[in-house]
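Numbering (this note's numbering), first residue to last: 19 to 501.
For glycine and all other residues, C-beta sits at the position ideal for the given N, C-alpha and C.
Following this line, the structure appears as structure tokens:
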């Protein structure tokens, strides 16, 4: 016990030292692939080693190989906003707290009371990731549909995602052996590449005529590519009126935390979610100040979930479970065992409070707006799509005074070159690329808990200088070819 206590104190000291020195570290790993295998023994030690040696090796071998997602200059993917409060909650590793905390979060987000655990109708459960949340919802939706139409063969069931939905939709189809159709929203410029009822209705009618049975629509509030938002109220009303057997799952893994701010709820589709969503997912470990893994899944009717997932052999039966006096979360997800994930979320929500949580979300959006304004006022960059919450998608472009117009292919080549050049600055910042309707571009996502406006300005200076250098060189190469 004494050694454990001492090691625990040392671990906390190392965590603090890591975060205090984080700004001085390179953002991305500066090691060669395969370095760790060369540095470690081929087998585990026969005898146990003292903690100090293990901890020293962690500092010496593991830390240098990390890409620091908590770095203030990490703007790639969606930064994870880990906090000391969340870390403290992750140190112990037990279900009533989960039920309470999920209701706290539901109320903070303004979710309808039917999603609250206390309602005993719907409720919330913490899953590992948005992928697991979607997979769980798909299983429940499949069982519900098959219960309504038992003669429908499984091979005719169809999962709906869109061309901008996260890859988990297609992966879930592979796992479950079900068809997946990506509804094409690439032409939906009017809705910012969001799904609406016109596209949905056309596809449902088309597939039903072909003998297929769409049974779930996975809609998104804040896509990874561009932050696009599907029109939840619009498609939900169509499903309720014309296709009531279809399950509507809303993936708000990244942007769902904006529901905590009342002024952002309309934009985040709260009315549509509250009225029409069958299930909703929000990842607190993405932009919610909590460590991985904390994916919140709410369902409007818990019975639809438990009917699909309840497998209770005798050795798992309990008096309170049989009586229904407690929530048995093993019937709310795929695995039997589960971590005590709610504790860290409880710590975060108690430590920050609703106002502190809201202030953090607003600060991130404000900093993203600052970056977007840098792009708008530049003559060598442009926004590819309007900023979405704390995400800006942009690209490098020649100034308006360029002697000859650049073709779409030339612009894409220019931006691939720009992206490659930015990779040389991984010690200063990290961004990721994407492609939107044939346009190669860059994503700038604000979200790390310790990012401040100075970090945004410093990142912009690197981006601007790199872009200017690439544009100058590319223009010279282009002119040389034209001669």
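Beta-bridge analysis with DSSP links residue 26 to no other residue. Apart from the 5 residues on each side of it in sequence, residue 176 sits with its Cβ closer than 8 Å to the Cβ of 196, 197, 198, 199, 225, 230, 231, 232 and 233 in its chain, given in chain order. In this structure, residue 182 lies near residue 246, with their beta-carbon atoms less than 8 Å apart.
In this structure, residue 123 places its C-beta atom within 8 Å of the C-beta atom of residue 314. Here residue 162 carries a helix assignment [DSSP, helix/strand/coil]. Between the segment 394–401 and the segment 413–429 there are three or more inter-stretch CB-CB distances shorter than 8 Å, so the stretches are counted as touching. Counting along the chain, residue 141 sits inside the beta strand (DSSP E) bounded by residues 141–145.
The segment 86–98 and the segment 459–473 touch, with no fewer than 3 CB-CB distances between them shorter than 8 Å. Residue environment analysis places residue 149 among the buried positions, since at least 16 neighbouring C-beta atoms fall within 10 angstroms of its C-beta.
Residue 152 sits away from residue 191, with the two beta carbons spaced by 8 Å or more.
For residue 292, the CB contacts under 6 Å within the same chain, skipping 5 residues up- and downstream, are 130 in chain order. Only buried fits residue 294, as 16 or more other CB atoms lie within 10 angstroms of its CB. For residue 285, DSSP assigns no beta-bridge partner whatsoever.
Taken in chain order, the complete beta strand (DSSP E) segments of 3 or more residues contained in the segment 358–397 number zero; there are none. Inclusion of residue 162 and residue 351 in the CB contact set at 8 Å is not warranted, their separation being larger than that value. Only buried fits residue 127, as 16 or more other CB atoms lie within 10 angstroms of its CB.
Between residue 277 and residue 288, the C-beta gap is smaller than 8 Å, which places the two residues in contact.
Beta-bridge analysis with DSSP links residue 451 to 460. Residue range 313–317 is occupied by the beta strand (DSSP E) that includes residue 313. Excluding five sequence positions before and after residue 166, the CB atoms of its chain that fall closer than 7 Å to its own CB belong to 263, given in chain order. Look at the beta carbons and you see the segment 348–363 not touching the segment 375–385: under three pairs across the two are nearer than 8 Å.
Partner residues in the beta bridge of residue 237, as assigned by DSSP, are 268. Residue 298 and residue 268 do touch by the CB rule: their CB atoms are close to 5 Å apart, below 8 Å.
Residue 19 is classed as exposed because its beta carbon has fewer than 16 other beta carbons within 10 Å across all chains shown.
Closest option to residue 450, judged by alpha-carbon separation, among 409, 425 and 488: 409. In chain order, 88 and 309 place their CB closer than 6 Å to the CB of residue 100, counting only its own chain and leaving out the 5 sequence neighbours on each side.
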